[in-house]
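Just so you know, our numbering puts 136 at position 136 of the sequence shown, and the rest follows in order with no gaps.
A virtual CB, placed ideally from N, CA and C, is assigned to each residue, including glycine.
Everything numeric in this text was worked out from a predicted model, so none of it was measured.
These notes are about the structure you will find just below.
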Amino acid sequence: MYLISIIFYFFSFLFCIPNNEVLTHMYKDMPWVFYDRHDDVSVYMYDNPNLRIVKVEKVLAPNLSKDEIFSTILNVKNYNNVLTDRNLYSEFVTVESDTVYGYQKTKNYIPFVRNRHLIFKLYRIGDNKMEWVIIDKDSKLYDQFKHRRIKELRTGAGRWEFLEGDDTNLLIHYLYINPDMNIPGFVLNSVMRNSAESVMEDVLNYIIKNNKK
C-alpha cells in the first residue's frame, strides 16, 4: 500500500487540465498554503496533486510603476535581455489586436529527456491584471518551430496582478505549467516556486537597472 501511494504521488500531477480552467482557479478564493517569506516576498502554493499553482506576492516601493512593469512583461521581443535563465530562449511570434504571442524553449540536461517548447498568448485584463496561456499544440503558429527532438508543452497559464496601496503597492504572480515529465510532485513544486520568483525579480531588476541610466 505504501508503494502504491508513492507511485500515485509520483504521477498524479500528469493529468492535463484545460488552460482556461487553470486561469479560473487563479481567480478563486482557494486554500493557499503559505510556504515562505523573505525580502518582502511571500510565496504560497495551491498544493492540489492535479493542479500545483504557485502564487508569489511582493511588496513594492511606489517608484515601481504598474505601467513600467506591465510594459516590460508585454515586450516579448526583449525577454532575452530581461530574463536571466540561460536555459530559456524567448522569441516574439506575432501580435493580434491586444494579444501578444511569444515562443519559449527550455533546454533540458536530464539524460534522454527532450527539450521543451511552447507558444503562449499574453494580454491585459482591465487596468491592473494580465494573463497568459499556452496555445493549442495544433496551432499553425507552431509550424515554424516544429522539431522532432523538441516536445510541445500543452498545459500552462499565468496571471499578474498589481494592487495599489497608500504607501506601498503589491505585485502578485500566479504560475502553473505541466512539464510533462515523470518527476515527483515535490520537485515540480520547487521548480515552479523558483521560476515564479525568478521571473518576477528579473522584471523588477530590469526596470530598476534601466531607471538608473
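Return yes when the Cβ of residue j is within less than 7 Å of the Cβ of residue i, no when it is not.
i	j	result
residue 216	residue 66	Shown here, the chain extends from 1 to 213; a query on residue 216 therefore has no answer.
residue 45	residue 54	yes
residue 80	residue 90	yes
How far does the beta strand (DSSP E) with residue i in it extend, from its first residue to its last?
i	result
residue 84	Here residue 84 belongs to no beta strand (DSSP E), and DSSP marks it neither H nor E.
residue 24	That residue, residue 24, is in no beta strand (DSSP E); its alpha helix (DSSP H) goes 19-27.
residue 176	169-177
residue 124	115-125
residue 158	156-164
Provide the residue span of the alpha helix (DSSP H) that contains residue i, from first to last.
i	result
residue 130	Element bounds for residue 130: not the alpha helix (DSSP H) but the beta strand (DSSP E), 129-134.
Can you tell me whether residue i is buried or exposed, with buried defined as 16 or more other CB within 10 angstroms of its CB?
i	result
residue 186	exposed
residue 197	buried
residue 38	exposed
residue 34	exposed
residue 27	exposed
So what's residue i in DSSP terms, helix, strand or just coil?
i	result
residue 105	strand
residue 4	The pLDDT assigned to residue 4 is 33, lower than 50, so where the model puts this residue is not dependable; a value taken from the coordinates is nonetheless given after this. Helix, per DSSP.
residue 98	coil
residue 36	strand
residue 255	The requested residue 255 does not occur in the structure, where the chain is confined to residues 1 to 213.
residue 189	helix
residue 139	coil
residue 13	Only weak support is given to the placement of residue 13: the predicted model assigns it a pLDDT of 38, under 50, and the question is left unresolved by the model.
residue 212	coil
residue 146	coil
Can you list, in chain order, the stretches of the beta strand (DSSP E) that have 3 or more residues and sit fully within the stretch 48-73? Runs of the beta strand (DSSP E) inside the stretch 48-73: 51-60.
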